[in-house]
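J.: 0 is the number of the first residue of the sequence shown in numbering that gives the first Met the number 0; add one for each residue after it.
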Amino acid sequence: MNWQKLARWEKISLLVILLLALFTRFYILGNRVMSHDESLHTKYSWQLYAGEGYTHNPMMHGPLLFHLNALAYFIFGVGDFSSRIFPALAGVALVLSPWLFRRWLKPGGALAASLMLVLSPSITYYSRYIRHDVYCLLLAVLVLWAILQYLAQRETRWLCLLAASFALMFTTKETAYIYTAIFVLLLSIPFALQVFFRPWANPQLFTTMLILLLVLVLLVGVVGLSLSGAEVEEQALDEDGNTKVAAPTMPSGGRIAVLLALLVILSLAGVVYFGLGETALRQMPLFDLLMVLGTLTLPLGSALLIYLAGGDMLALYNALLGGNVLDLLGPDLLIAVVIVLLTLFGSVLLGLWWDANRWPVIAALHYAIILVFYTTVFTNALGLLSGLVGALAYWLAQQGVERGGQPGYYYYLMTPLYEYLPVLFSVGGGLGAVVYLFTARSRRTAEEVAPAPFSAPLDLERFVPLFLVGWTVLSWMGYTYAGEKMPWLMVHIALPSIFLAAWGIGRVLAGLEWERLREWRGWLLPLSMLLSTAGLGVLISALVGLGEFTATGVSAAGLTLAQLQQLGQLFSGLVGAVLFLLLLCWSIRRTGVGEALRVAVLLLFVIGALVTTRTMVMANFENYDLAKEFLVYAHAAPDVKVALAQIEDISWRTTGTPHDIKVAYGEHGSWPFAWYMVAYPNNHFYGADPQAETLKECPAIIAGSEQWKKVDAIVGNEYLYFDYKFLWWPIQDYYGLTWERLRTALTDPALRAGLWDIIWERDYRRYAAAKDKSITLKEWPHRNEFRLYVRRDLASEVWGYRLGSETGASAAPQPTTLPDPYAQAIGAFPLEITVTLPAAQPRGLAVSADGTLYVTDAANHRIWHVNQQGDVLHLWGEPGTAPGQFQEPGDLVLDDAGNLYVADTWNHRIQKFDAQGQYLLSWGTYGEYQVGDPNGHGAFYGPRAIALGPAGELYVTDTGNKRVQVFDTEGVFLREFGGAGSGPGQLDEPVGIAVNAAGEVYVADTWNERVQVFTSAGEYLRQWSVAGWEIANPEVKPYLAVDSQSNVYLTDFTYKRILSFDAQGAFLTTLGGEGGLFFPSGVAISAEGRLYLSAARSERVLGFDLP
């Protein structure tokens, strides 16, 4: 592109596009919280910047991003904004790149391509994102530009640019292999046609070539059948199995077919060489390009040959990642070494045979780039091997995992949702390219047509649009076939679609007769098109409303105002439609049908661009980290920065600096906090197993939901906590689509309206109502949560922040002390029994018919059976998951036969024992389910309490799933009730449960601070509030019991007391108080009317006589 040769309007357009690109790529660039993957990239980039080095790991793709980010930190400092500077700059360059193709896209097409790139919702989003994809897009465009320039000029400098761009593309990510496969295939097709139609020096070999081609097609079919029937073998890369690889295990027949196909390809090359002749081959620019790309790709594809030869890709990957190739012993090492050496040696021989002068320069440029980046500027020698072999080895092994688990039609839903403009116009551009292929020759002169079509130099005017068609179609096919389907890969489909659409728009603009349009008032064409369409829309709407008009009829008083308005709309719509249709017909007659069609296409493009602008702004500047956008996938939630602001606020107030506070964070939820903790020099990573002495040194603790139990056990009542979301995913109701589901979505008015709201506004309210479910950002269905624990003595600082007080020296507002409604009614309950359980943490308890006590010991994971004198009758249990083992047992209950049922909380099950502690059976498994999901019957998420009804049915509070499940005594599921929420009958952290003689079920609805009463069938009856439960304290797990008069007794852990109410919720009296009951936990009432409670922190069970 020569700036001096650009027209004035092109220069102005290019500058406007540049300003738009800079704005859309850099505006509020640092506001969005780092996603999971971004935080990985930033942390390892920071380590390189900080002098800790960098080792290439194929799991995080290529090294280019990490080197550029480290450079950004060096120049601009460390932060979210600086981390995204180079991706944003690459995004700006990508927007301007179509002007390099101005010759083939035409000036209007180049402008259209730049406009679509600057407005593309997905490309804009991932240009503001620390991922490799935007670099790969830009470098793929440069590779294509170098290819076309060499075909046009056949100058060596373009091969050098090709080699450099190609090498840099392979330092981004493994999508480079897909680009290479597509580009080589699309160059091979015209090359094969030229070979086919050119005169052969040895024509007798032509038949041999045809036979070999037929054999190759058959072998490719055999390989395809082998892959379709191959089993997938999955292996874990870590002990927890969180990172897995899986690859199809191709049958031996398929491997043999691949090897035979390679031999056939080599034979074809020999037949073409001797049949066509070396001189003819060297006259073909396509041959040069294929030789350069082939020799540079051959070593990079050695992992594929190792896989086909039967090498263990996982072992190869682990050996390279661990930095010890000697770990790869036996035949795997031999296979890998032999194939790598053969591919390198073969590429050198082929390159020198092709051109002994040019190839060494091209190869040196290519391998210099590979060497610098993969060895981290010569500091990691094995990085070269991991780049040549490990990258493809890992992603071949990863193919079978199908990361993300998205359905095969994923891109056919997501791409039109965001990239509808290029998708629509690429279809038109593709059809136009096919038509252009068959009509271009008819427009040439006789002299131009004379040579045979494929003996002359390649016609780039016809080749480029067909190349763009192939690129687009093969991208759709390739990424649909690929195991991993993610929103960021959508950009690799959008890019070729944009270029193909731009080629079509360029042809439309080039065909417009601007002088004729100006002469014949061509502006009337788009105006009349818009207004006639609007008129028709009003008319159709009025006709639909006319049905309601005729259904209601006309009253005796005449037409209503609404009916008059309906008639007025019908008349105005009809007049407008007729008038502007007539104007449109008049304009078409003056300008011609061809010009009118071109104007219509451009008008549709402009409207589409305006609507796309809305989609782009909504995705990038409004919902950029909200999971209601489908681009926000495995992304950190805004809560992360809320919590970080709180931590910084506490640090200011306690240390006088923003980041000197001690902060602890764990394994679950470590990303993105591993990145943000870089700013906190006193951070502590406690991994999977927090240690009490270290954890309690930190005023602020961050813990993912999987580690709450361990952290709660350590910090106890000394910390308050705040629940937040740290990672979330979009709604995925599109899984399992069927034709019946599609038909329902289109025919059900409520569902159709809800889907339209999602498409147009990303508003899920009407869709949720139509599906009878709750979808809100607060309770988003697909999320991971974390807690910020703050030491209790610093809580006022946090509350001050949350209430909006200023940071710095200003004092936090003092909390208002509320009166205790239960303080004055302290009853007289004589203490009759004291049973000591040494070193125990008693929780649930039950009283047998003979007066002996069964007590759960949460700290030691066991069950005590003692008499009222404290003698131990039976003691069983230990930590574990086997029958008879426990993980923090909660409550227990006895049936009439003396059998014991234990809520084994963190084993997520119920265990049944006889009176002597002999194991009988158990049921339950871990699962997070909502009420009404049949898959969740019998699954638990931390069951806390259990009660026996008069009909012999067991009621279990499934605390984490916010429901109650009912079983018979053999563990057969009967029914469930509750469900998340605060409305009548809904539950939030249900804990204690008891059933009175009439079968009424009482539930301690902890986080809703109330007791709810249900029938035995689970129907809501009534409720009452309970003041004083400190729901921010993780130890507040209230249990309850019911006496023979249906009076209810609740444990109040915070105020160390028991509260009693009558059956209707009227408060009766208090037992205990400050300093009284030593943190009561479980509660039970014997048949004689004695109240027993477990004192969680004093290793005792106490018995009181009720008045």
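We treat Cβ as the ideally placed atom computed from N, Cα and C, and that holds for glycine.
Tell me which same chain residues have a C-beta within less than 7 Å of the C-beta of Gly223, skipping the five on either side of it?
T.: So the list is empty, once near-sequence residues are dropped.
J.: Three-state secondary structure (DSSP) at Asn682?
T.: Note: Asn682 maps to strand in three-state DSSP.
J.: Compare the Cα-Cα distances from Leu267 to each of Leu118, Ile992, Leu212 and report the closest residue.
T.: Considering only alpha carbons, the answer is Leu212.
J.: Specify, as a first and last residue, the run of the alpha helix (DSSP H) that Asn783 falls within.
T.: Looking at the DSSP string, Asn783 is not in any alpha helix (DSSP H); the run it does join, the beta strand (DSSP E), is 782 to 790.
J.: Looking at Gln886 and Pro878, is the spacing between their C-beta atoms short of 8 Å?
T.: Yes; because the gap between Cβ atoms is below 8 Å, this pair is in contact.
J.: To the nearest whole angstrom, what separates the beta carbons of Val507 and Leu601, a pair I think is in contact under 8 Å?
T.: The pair is a contact, with the Cβ atoms about 6 Å apart (cut-off 8 Å).
J.: Quick check on Pro878: does DSSP put it in helix, strand or coil?
T.: If DSSP states are grouped into helix, strand and coil, Pro878 belongs with the strands.
J.: Just list the alpha helix (DSSP H) runs in the region 631 to 666, keeping only unbroken ones of 4 residues or longer that don't cross its boundaries, in chain order.
T.: Segments of the alpha helix (DSSP H) lying fully in the region 631 to 666: 638 to 654.
J.: What distance in whole Å lies between the Cβ atoms of Leu1039 and Val994, which are believed to be in contact at a cut-off of 8 Å?
T.: About 11 Å; that fails the 8 Å criterion.
J.: How far does the alpha helix (DSSP H) with Ile504 in it reach, from first residue to last?
T.: From DSSP, the alpha helix (DSSP H) with Ile504 extends over 490 to 510.
J.: Assuming Arg943 contacts Lys1036 under a Cβ cut-off of 8 Å, what Cβ separation, rounded to an integer in Å, is found between them?
T.: The Cβ separation is near 6 Å, so the contact holds.
J.: Can you give me the start and stop residues for the beta strand (DSSP E) that Gln1022 sits inside?
T.: From DSSP, the beta strand (DSSP E) with Gln1022 extends over 1019 to 1024.
J.: Gly937 and Gly923 - do their beta-carbons sit closer together than 8 Å?
T.: Contact: yes.
J.: Tell me which residues share the same chain as Phe286 and place their Cβ nearer than 8 Å to its Cβ, disregarding the 5 neighbours each side in the sequence.
T.: Phe190, Leu280.
J.: Starting from Lys770, trace the alpha helix (DSSP H) both ways and give me its first and last residue.
T.: Lys770 -> alpha helix (DSSP H) spans 764 to 770.
J.: Going by the beta-carbon positions, is the gap between Thr835 and Arg1099 smaller than 8 Å?
T.: Result yes, Cβ atoms of Thr835 and Arg1099 sit closer than 8 Å.
J.: What's the gap between the Cα of Leu161 and the Cα of Ser113?
T.: Straight-line Cα distance between these residues: approximately 22 Å.
J.: Tell whether a beta-carbon distance below 8 Å holds between Pro106 and Glu173.
T.: Taking 8 Å as the Cβ cut-off, Pro106 and Glu173 do not qualify as a contacting pair.
J.: Going by the CB atoms, is the gap between Arg31 and Tyr821 shorter than 8 Å?
T.: No; because the gap between Cβ atoms is not below 8 Å, this pair is not in contact.
J.: Return the CA-CA distance between Gly1074 and Gly76, expressed in angstroms with no decimal places.
T.: Only weak support is given to the placement of Gly1074: the predicted model assigns it a pLDDT of 49, under 50, and the question is left unresolved by the model.
J.: Report the residue from Ala881, Tyr125, Ser527 whose alpha carbon sits nearest the alpha carbon of Cys584.
T.: Closest option to Cys584, Cα to Cα, is Ser527.
J.: Expressed to the nearest angstrom, what Euclidean distance is found between the alpha-carbon atoms of Met489 and Leu416?
T.: Cα to Cα, the separation comes out at about 11 Å.
J.: Does DSSP put Tyr26 in a helix, in a strand, or in coil?
T.: Three-state DSSP puts Tyr26 in coil, outside helix and strand.
J.: In the DSSP assignment, what are the bridge partners of Lys911?
T.: According to DSSP, which records beta bridges pairwise, Lys911 is partnered with Tyr900, Leu920.
J.: In angstroms, rounded to a whole number, what distance separates the CA positions of Pro452 and Gly505?
T.: With a pLDDT of 43 at Pro452, under the threshold of 50, the modelled position of this residue cannot be trusted; read the value that follows with caution. Taking the straight line joining both Cα atoms gives about 25 Å.
J.: State the DSSP-derived secondary structure class of Asp1104, mapped to helix, strand or coil.
T.: If DSSP states are grouped into helix, strand and coil, Asp1104 belongs with the strands.
J.: Helix, strand or coil: which one does DSSP assign to Pro120?
T.: Helix at Pro120.
J.: Flag this pair as yes or no: are the beta carbons of Leu118 and Thr612 separated by less than 8 Å?
T.: Going by C-beta atoms, Leu118 is nearer than 8 Å to Thr612.
J.: Can you check the region 17 to 80 for any alpha helix (DSSP H) of at least 4 residues that lies completely inside it and give the ranges in chain order?
T.: With a minimum length of 4 residues, the continuous alpha helix (DSSP H) runs that stay inside the region 17 to 80 are 35 to 48, 63 to 75.
J.: Which of the three DSSP states, helix, strand or coil, is assigned to Trp863?
T.: Residue state, collapsed to three classes: strand.
J.: So Gly382 is in the beta strand (DSSP E); what residue range does that whole segment cover?
T.: Counting along the chain, Gly382 falls outside any beta strand (DSSP E), though it belongs to the alpha helix (DSSP H) covering 381 to 384.
J.: Using the Cα positions of Arg760 and Val388, report the straight-line distance between them to the nearest angstrom.
T.: Residue identity check: residue 760 is Glu in the sequence provided, not Arg. Each residue's alpha carbon lies about 45 Å from the other.
J.: Would DSSP call Ser1059 helix, strand or coil?
T.: Strand, per DSSP.
J.: Check for me: the beta strand (DSSP E) holding Gly991 runs from which residue to which?
T.: 989 to 994 is the span of the beta strand (DSSP E), which, as asked, contains Gly991.
J.: Between Ala699, Thr693, Pro637, Ser669, which has its C-alpha nearest Trp727's C-alpha?
T.: If we check each option's Cα against that of Trp727, Pro637 comes out closest.
J.: Can you tell me whether DSSP reads Trp8 as helix, strand or coil?
T.: Looking at Trp8 - three-state DSSP - the assignment turns out to be helix.
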